[in-house]
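Numbered per our numbering, the sequence shown finishes at 88, counting up by one with no gaps.
Glycine included, C-beta positions come from ideal geometry on N, C-alpha and C.
The model shown is predicted, which means the values in this text are computed figures rather than measured ones.
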Amino acid sequence: FVSLESTTYPTTTEDFMLPIIERESGLKQGSDFWLAYSPERVDPGNKQFHTRNTPKVLGAMSEDGVEIGEALYLKAIDSIYKVSSPRVS
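Structure below.
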């Protein structure tokens, strides 16, 4: 599972990261690895909301990827808001 967590333009995951990872690793998204995007949402100066209690938006390249990502993130984040794709997230 690979998740981009950064402030970036909407198609970075699909148009930039996916081709590089597949080309350089020889692996295929959806069978060998799952690719997702989860925008950075934590406000460092906010005393009320921190990493654990800030809802995480998660969009992956496949439904399997969203489910895998959710299982992983729920170990550290209280709530996940799943969306249909990296572009939507």
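Burial state of Pro85 is buried, judged by a 10 Å Cβ sphere holding 16 or more other Cβ atoms. CA-CA distance, Phe0 to Asn52, rounds to 22 Å. Secondary-structure assignment with DSSP links Tyr36 through a beta bridge to Leu3 and Gly58. Two segments are said to touch when three or more pairs of C-beta atoms, one from each, lie closer than 8 Å; by this definition the stretch 32-47 touches the stretch 8-15. In terms of CA proximity to Gly29, Met60 leads the group Leu73, Ser5 and Met60. The shortest CA-to-CA distance from Phe32 to any of Glu21, Lys81 and Asp42 is the one to Glu21.
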